[in-house]
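The structure appears below as structure tokens.
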Ligand code: GLY
């Protein structure tokens with residue numbers, strides 16, 4: 006039985022919410038929704054043990070239209086928040102909207118901003134959004150010509166979704182060509198690499214800006230910075246993200262440029278193409294502070310919350326995130342007050358040894374029962390297992406490692422020093438075999 010209340014939108018009832026996804030980002034969103042005044046029953050598919058402490062979890066294939074629709078019908082879901090990009094690219098938001106469910110996440114048309122790098126670059130060109138010059142290549146001769154017209158480091162991007170593995174920065178033209186050949190043959194990333202974007206290298210520091218939008222209005226979360234390389238000192242292979250912090254201190258005027266030259270023309274462009282974008286616009290930006298004024302360009306769009314940026318920015322948000330997300334899904338974000346954010350946060354990802362390459366799963370995690378004020382521990386890749394010894398423990402479940410990124414440990418404080426000390430104190434209290442994490446997450450100026 007749904008609880009009847011009056012929300013700020015005049016909506017007669019709270020909503021039953023389903024979050025799709027199973028990582029640290031989704032755990033963080035579920036936590037925010039569990040505290041929201043719009044949430045009645047809270048569900049997650051497929052979830053993880055951390056999420057299971059806050060929501061009912063369901064083991065379904067979230068890319069299967071029938072499974073998702075059946076779950077929504079069975080649980081009387083009113084509102085779905087989509088975590089990862091793959092279901093969005095496949096049209097999960099379209100199927101659900103067609104059956105009357107409100108969704109935070111664009112349809113397959115809007116998801117092309119992430120699912121096709123070529124679409125995104127051409128979109129930016131059409132609307133004068135700053136991005137580095139590029140060529141779209143459909144065969145190896147076109148790749149060769151695009152590479153020969155540039156200087157190293159070369160930037161080679163697979164057009165399609167590649168789970169963070171689709172960008173290559175070779176210094177050598179032969180290596181660049183060999184990457185292009187292998188992408189085009191489908192050897193590296195299957196169909197995602199059949200088309201290639203080659204673009205000029207943009208120097209500077211990366212910056213993530215997340216906007217919740219109903220396609221007309223938007224609400225910003227704090228600017229954040231992800232740490233993509235596996236090892237300290239930004240060494241080693243690229244990963245999905247080994248940590249993040251927020252807010253990023255920006256030179257004066259930069260956020261005005263982000264609003265005026267990126268967000269507004271992006272939303273205007275989407276509307277002018279008939280794309281009703283209700284979801285999260287992730288702007289992956291490159292900020293070059295060597296010139297005056299600093300220059301800013303868009304490296305990529307994503308159409309969802311970032312991971313691990315979400316774990317860093319959501320705990321700083323001062324409003325009710327559920328209210329903002331639902332308002333965006335309903336197309337009336339203008340009714341939702343600007344809440345702003347405060348404080349500092351730092352997220353350290355604890356990963357399995359070997360990640361982003363091969364790694365072993367199934368190691369027990371100890372220390373998860375510890376709590377510290379101002380610390381959030383979000384499960385990224387965990388599962389339940391059964392304790393192996395002791396008759397009394399036969400039925401009790403323990404949490405095991407189940408992914409490359411295992412936990413996102415977030416410290417929040419008034420200062421970065423405080424946020425960092427808290428995050429690393431918690432990290433030291435948690436252990437599992439092969440645990441690996443970066444010890445240098447945070448602002449380089451600290
Ligand atoms: N942290 C990068 C991403 O979410 O795509």
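Residue numbers (my numbering): 6 to 451.
We put the beta carbon where it would ideally sit given N, CA and C, even for glycine.
Mark residue i as exposed unless 16 or more other C-beta atoms lie within 10 angstroms of its C-beta, in which case mark it buried.
i, result
"residue 107", "buried"
"residue 66", "exposed"
"residue 20", "buried"
"residue 192", "exposed"
"residue 342", "exposed"
"residue 29", "buried"
"residue 279", "exposed"
"residue 171", "buried"
"residue 362", "exposed"
"residue 156", "exposed"
"residue 452", "Missing from the structure shown is residue 452; the chain here goes from 6 to 451 and no further."
"residue 153", "exposed"
"residue 130", "exposed"
"residue 438", "exposed"
"residue 250", "buried"
"residue 83", "buried"
"residue 71", "exposed"
Suppose the cutoff is 7 angstroms on Cβ atoms and the five residues either side in sequence are ignored; what does the same chain contact list for residue i look like?
i, result
"residue 320", "350, 381, 415, 417"
"residue 432", "353, 355, 414, 442"
"residue 256", "294, 299"
"residue 91", "68, 166"
"residue 424", "349, 350, 351, 416, 417, 418"
"residue 202", "122, 123, 126, 139, 141, 162, 164"
"residue 440", "355"
"residue 197", "163, 164, 165, 166, 167, 171"
"residue 345", "323"
For the beta strand (DSSP E) containing residue i, name the first residue and the last one.
i, result
"residue 284", "284 to 293"
"residue 46", "44 to 51"
"residue 522", "Nothing can be reported for residue 522: it is not among the residues displayed for the chain, which extend from 6 to 451."
"residue 190", "Counting along the chain, residue 190 falls outside any beta strand (DSSP E), and DSSP gives it neither H nor E."
"residue 23", "20 to 26"
"residue 142", "139 to 142"
"residue 403", "402 to 406"
"residue 204", "201 to 204"
"residue 163", "160 to 163"
"residue 413", "410 to 418"
"residue 249", "248 to 251"
Tell me whether the beta-carbon of residue i lies closer than 8 angstroms to the beta-carbon of residue j.
i, j, result
"residue 48", "residue 60", "yes"
"residue 110", "residue 125", "no"
"residue 34", "residue 88", "yes"
"residue 93", "residue 266", "no"
"residue 383", "residue 226", "no"
"residue 145", "residue 123", "no"
"residue 334", "residue 276", "no"
"residue 302", "residue 436", "no"
"residue 112", "residue 96", "yes"
"residue 292", "residue 259", "yes"
"residue 387", "residue 411", "yes"
"residue 143", "residue 159", "no"
"residue 5", "residue 239", "Within the shown structure, residues of the chain are numbered from 6 to 451, placing residue 5 beyond reach of any answer."
"residue 212", "residue 290", "yes"
With respect to the alpha helix (DSSP H) encompassing residue i, which residues constitute its N-terminal and C-terminal limits?
i, result
"residue 131", "122 to 131"
"residue 430", "421 to 434"
"residue 32", "29 to 39"
"residue 54", "54 to 57"
"residue 342", "Residue 342 -> no alpha helix (DSSP H), and no H or E assigned at all."
"residue 153", "145 to 153"
Tell me which same chain residues have a C-beta within less than 6 angstroms of the C-beta of residue i, skipping the five on either side of it?
i, result
"residue 169", "245"
"residue 338", "219, 222, 332"
"residue 252", "227, 228"
"residue 63", "50, 76"
For residue i, which residues from the same chain have a beta carbon less than 8 angstroms from its beta carbon, with the 5 sequence-adjacent residues on both sides left out?
i, result
"residue 215", "225, 226, 229, 285, 286, 287, 288, 310, 311, 314, 315, 318"
"residue 420", "349"
* In chain order, which continuous runs of the alpha helix (DSSP H) of length 4 or greater are located wholly inside the stretch 69 to 116? -> Taken in chain order, the complete alpha helix (DSSP H) segments of 4 or more residues contained in the stretch 69 to 116 are 70 to 79, 90 to 94, 97 to 103.
* **beta strand (DSSP E) runs contained entirely in the stretch 259 to 332, provided each spans 3 or more residues** => With a minimum length of 3 residues, the continuous beta strand (DSSP E) runs that stay inside the stretch 259 to 332 are 284 to 293, 300 to 307.
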